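Quick note, the sequences are listed as chains A and B, same order.
Under my numbering, the first sequence has 121 at position 112, and the numbering climbs by one with no breaks.
Under my numbering, the second sequence has 245 at position 110, and the numbering climbs by one with no breaks.
Virtual Cβ for every residue (Gly too), placed ideally from N, Cα, C.
Computed from a predicted structure; not experimentally measured.
Scroll down for the structure; my scribbles are underneath it.
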Amino acid sequence: MEAYEIVKLARDKKRPTAKAYTKELLTNIVELHGDRAFGDDKAVVGGIGELNGMPVTFIAVEKGGDLKERVYRSFGSPKPEGYRKALRLMKQAEKFKRPILCIVDTAGAYCGEDAEERGQGQAIAQNLYEMMDLKVPSISIIIGEGGSGGALGLSVSSKVYVLENAVYSVISPEACAGILWRDAKKADEAAESLCMTSEYMMKFHVADGVFKEDFSDFKGMCAEIKETLYNDFVQMKKEAPEEIIERRYEKFRNIGVFAEKKASSEKGDID
Amino acid sequence: MLSLTELLKKSKNTIENGGRQFARDEKVKCPACGKEEYRNTIKENNMVCPFCEHHYKISARTRIRQVFDKDSFHELFDNIESADPLEFKGYKRRIEKARISSGEKEGVVCGTASLNKVKCAVFVMEPGFMMGSMGSALGEKVCRLFEYACENHLPVIGFTASGGARMQEGILSLMQMAKVSGAVKKHSNAGGLYICVLTNPTTGGVTASFAMLGDIIIAEPNAVVGFAGRRVIESTMKKSLPDDFQKSEFVLEHGFIDKIVDRRELSMTLGRILNLHREVI
């Protein structure tokens, strides 16, 4: 399949949104609201629930179903208070030694005057910084769009999974084509060049695994995801907090491809 | 034999190392106020317009010379350079062009330098190198610098100037944000001091990572500091934004930076902050 076709699939309005996953994966959900500073971002849904009987904190970016809900959820683009709400819940999870599950589906962080005034950049930066240092295991799943810093702000986790037709990118193909070639219509070409599909996420070690998609049997598909998540959490919960932090740091530390001009210490190659 | 590109790069750096002196002093027009002044006069004024205090864009090495003790800079990790992992159309050529025009191998210069004899780990982003955009090599260099500072118990002083992530490296450039933020956290957990100076422009992925993570964050006057691009916001919101939007003064007003410091007082201010931390560094 062409990369841009996959982008379209990832954005498809008929695709299940985050709440469908939380409903299938978790039981006994208690939703929690607010960042305790400014407000409650509707694009970020969070709380506590049970995954196979294991209490976990969940954070999900919700795009919304019908148009009315999509507007209410800012089309799944979190504002600074959304990232701060997420961080508050993650720190709470750390205190009570609960694993963290992030379900990510966003075109990007909210783009607007108010978001800038309230420090969108600072909010995302703070999440990267603190998530890297969480003493409890964390898993992020990108279920549709992984749009740039807006997605990364909830994806610095011990493990990162992507759905088969999810995309994860530094910039949207439309914006990329607009900037580089001054032609947003070349988005298909940009999508190809940006290497944003699940296949590349594995190649560049950004993702730890890919979940197969089968929306005709959503229950069955989620059951498999659930099993993987549960086993991962059980495994990781055995590790000491320092180990959890170190492993997460190493995972991200090793991502990148560059040239090192010394024959003796070649590093960062992909193959 | 040196290739033409090598020669161009070399000559640029020779000028830089010798301290930029213009053989033929000529007048330049300030892009902000339009008044003309001799280049050397502006240079003596730390590349600040004597009439309107416009802060000219300066190279990383000029910055180092302005701020740190004479000849104290020792470069590190300059063997790390960008590759082309995505084989992105036109990327290699862009890098080569950036190398020639900036005289630098990558968008950041790292090393150690002293300020009032206090040794620091230093990174300075080079606005002339693809707008200081962050790719794998840049992320790796800054990351290694923080790790070096951590091992050697050094404070970090960083200067940011960036258009954001380098899209030609796709997802890998995005991941550098996480990677560097992690290294900053480690340095911080070890008690290290990190002072970040935001210069024009500091935007996108750099703002959303290490630019906003300093213990103390300073900005130069009138610098653009923000996450989303101004034009993108304007077209999304379908309205025009005020002139001061995303300027340092705006960011200060909203509580996201500690201080705005004129370039001519920067070295003194940084020195004072370092001195106030003398018992812990």
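N- and C-terminal bounds of the beta strand (DSSP E) containing residue i
{"i": "A354/B", "result": "351 to 354"}
{"i": "V259/B", "result": "253 to 260"}
{"i": "S83/A", "result": "Segment: none, S83/A is in no beta strand (DSSP E) and carries neither H nor E."}
{"i": "G162/A", "result": "G162/A -> no beta strand (DSSP E), and no H or E assigned at all."}
{"i": "S202/A", "result": "It is not in any beta strand (DSSP E) - S202/A instead sits in the alpha helix (DSSP H) that spans 196 to 202."}
Run of the alpha helix (DSSP H) containing residue i, from where it starts to where it stops
{"i": "I15/A", "result": "12 to 20"}
{"i": "M36/A", "result": "Checking the displayed sequence, the identity of residue 36/A turns out to be Thr instead of Met. Note, T36/A: premise wrong, no alpha helix (DSSP H); beta strand (DSSP E) at 36 to 41."}
{"i": "V415/B", "result": "First-last for V415/B: undefined, no H or E at that position."}
{"i": "Y119/A", "result": "Counting along the chain, Y119/A falls outside any alpha helix (DSSP H), and DSSP gives it neither H nor E."}
{"i": "V219/A", "result": "No alpha helix (DSSP H) holds V219/A; the beta strand (DSSP E) holding it covers 218 to 220."}
{"i": "V319/B", "result": "305 to 324"}
{"i": "A233/B", "result": "226 to 237"}
{"i": "F267/A", "result": "Here F267/A belongs to no alpha helix (DSSP H); instead the beta strand (DSSP E) covers 267 to 269."}
{"i": "K228/A", "result": "227 to 246"}
{"i": "I264/A", "result": "Counting along the chain, I264/A falls outside any alpha helix (DSSP H), and DSSP gives it neither H nor E."}
Interface flag, residue i vs chain E, CB-CB below 9 Å
{"i": "V179/A", "result": "In summary, chain E is missing from the structure at hand, where the protein chains are A and B."}
6 Å CB neighbourhood of residue i in its chain, flanking five on each side removed
{"i": "T149/B", "result": "Reliability of the predicted coordinates at T149/B is poor, the pLDDT of 43 falling under 50, and no value is obtained from them."}
{"i": "V415/B", "result": "none"}
{"i": "Q129/A", "result": "P89, A118"}
{"i": "K192/B", "result": "P262"}
{"i": "G17/A", "result": "In the sequence on display, residue 17/A carries Lys and not Gly. Counting only Cβ-Cβ distances below 6 Å, and skipping sequence neighbours, we find nothing."}
{"i": "E33/A", "result": "C231"}
{"i": "P336/B", "result": "V359"}
{"i": "C184/B", "result": "C165"}
DSSP-derived helix/strand/coil call for residue i
{"i": "L289/B", "result": "coil"}
{"i": "I148/A", "result": "strand"}
{"i": "P64/A", "result": "strand"}
{"i": "P336/B", "result": "strand"}
{"i": "Y191/B", "result": "coil"}
{"i": "A124/A", "result": "helix"}
{"i": "S274/A", "result": "In this prediction, S274/A scores a pLDDT of 43, lower than 50, which makes its location untrustworthy; the coordinate-derived value is nonetheless stated afterwards. Helix at S274/A."}
{"i": "D114/A", "result": "strand"}
{"i": "L172/A", "result": "strand"}
{"i": "S249/B", "result": "strand"}
{"i": "H389/B", "result": "coil"}
{"i": "T197/B", "result": "helix"}
{"i": "F294/B", "result": "strand"}
{"i": "T404/B", "result": "helix"}
{"i": "C331/B", "result": "strand"}
Through-space distance from residue j to residue i, alpha-carbon basis
{"i": "D204/B", "j": "T334/B", "result": "20 Å"}
{"i": "L289/B", "j": "K247/A", "result": "35 Å"}
{"i": "S207/B", "j": "L411/B", "result": "21 Å"}
{"i": "K144/A", "j": "E122/A", "result": "35 Å"}
{"i": "I57/A", "j": "I177/B", "result": "60 Å"}
{"i": "D213/B", "j": "A358/B", "result": "27 Å"}
{"i": "R399/B", "j": "A300/B", "result": "29 Å"}
{"i": "V219/A", "j": "M211/A", "result": "8 Å"}
{"i": "G238/B", "j": "R200/B", "result": "16 Å"}
{"i": "E222/A", "j": "K228/A", "result": "11 Å"}
{"i": "D219/B", "j": "K232/B", "result": "14 Å"}
{"i": "S157/A", "j": "D114/A", "result": "11 Å"}
{"i": "I109/A", "j": "F67/A", "result": "6 Å"}
{"i": "D379/B", "j": "F385/B", "result": "6 Å"}
{"i": "K224/B", "j": "A102/A", "result": "44 Å"}
{"i": "I234/A", "j": "R191/A", "result": "41 Å"}
{"i": "E222/B", "j": "Q303/B", "result": "8 Å"}
{"i": "I408/B", "j": "G265/A", "result": "34 Å"}
{"i": "A216/A", "j": "V243/B", "result": "28 Å"}
{"i": "V65/A", "j": "M245/A", "result": "13 Å"}
{"i": "E236/A", "j": "A193/A", "result": "41 Å"}
{"i": "Y173/B", "j": "E161/B", "result": "5 Å"}
{"i": "R196/B", "j": "E269/A", "result": "22 Å"}
Given residue i as reference, the closest of the options once Cα atoms are compared
{"i": "A124/A", "options": "R97/A, P87/A, P146/A, D142/A", "result": "P87/A"}
{"i": "C245/B", "options": "E171/B, N324/B, H209/B, N180/B", "result": "H209/B"}
{"i": "S149/A", "options": "Q129/A, Q131/A, Q135/A, Y177/A", "result": "Y177/A"}
{"i": "D241/A", "options": "K221/A, E201/A, Y170/A", "result": "Y170/A"}
{"i": "R284/A", "options": "A296/B, I392/B, E282/B", "result": "Absent from the structure is residue 284/A, since the part of chain A shown begins at 10 and ends at 280."}
{"i": "R159/B", "options": "N175/B, P336/B, P166/B, C165/B", "result": "N175/B"}
{"i": "G153/A", "options": "L98/A, E40/A, T26/A", "result": "T26/A"}
{"i": "E275/B", "options": "E259/A, A12/A, K22/A", "result": "E259/A"}
{"i": "D44/A", "options": "L238/A, A199/A, V53/A", "result": "V53/A"}
{"i": "M63/A", "options": "E251/A, Y239/A, G74/A, R256/A", "result": "Y239/A"}
{"i": "S166/A", "options": "I151/A, L172/A, E173/A, N174/A", "result": "I151/A"}
Contacts around residue i, its chain only, beta-carbon distance under 8 Å, and the 5 residues preceding and following it disregarded
{"i": "E188/B", "result": "P356, D397"}
{"i": "D142/A", "result": "I254"}
{"i": "A325/B", "result": "C285, H288"}
Sequence-distant residues of its chain with Cβ nearer than 7 Å to residue i (five each side left out)
{"i": "L96/A", "result": "Q135, N136, E139"}
{"i": "S344/B", "result": "M312, V315, S316"}
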